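K.L.:
In the working numbering, the protein residues as written are 61 to 123. Yeah, the Cβ is synthetic: ideal placement off N, Cα and C, and Gly gets one too. Since this is a predicted model, take the numbers as computed values, not measurements.
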């Protein structure tokens, strides 16, 4: 399994902009995964190495 395939859970306290895998420090891309009816999970993706992080954030989809 490559770095980009495994989603690592993280806790964001005040800021999370530096990749803990490769050290890239210019922020993240965002992807969305459908988790349940009308819910999406936000996943942060490092643009340099592709590592994926789950901060536990979700959004509600509009009606």
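Tell me the rounded alpha-carbon separation between residue 70 and residue 97.
P.N.:
Walking along the chain shown from the start, residue 70 turns up at place 10. Walking along the chain shown from the start, residue 97 turns up at place 37. The straight-line gap from Cα to Cα measures roughly 24 Å.
K.L.:
With respect to the beta strand (DSSP E) encompassing residue 119, which residues constitute its N-terminal and C-terminal limits?
P.N.:
Walking along the chain shown from the start, residue 119 turns up at place 59. Counting along the chain, the beta strand (DSSP E) containing residue 119 begins and ends at 118–120.
K.L.:
Enumerate in chain order the residues of its own chain whose CB-to-CB distance from residue 119 is below 6 Å, with the five nearest sequence positions on each side excluded.
P.N.:
Residue 119 sits at position 59 when you count from the first residue of the chain shown. 100.
K.L.:
With respect to the beta strand (DSSP E) encompassing residue 71, which residues constitute its N-terminal and C-terminal limits?
P.N.:
Taking the chain shown and counting its residues from 1, one reaches residue 71 at position 11. From DSSP, residue 71 is part of no beta strand (DSSP E); its letter is neither H nor E.
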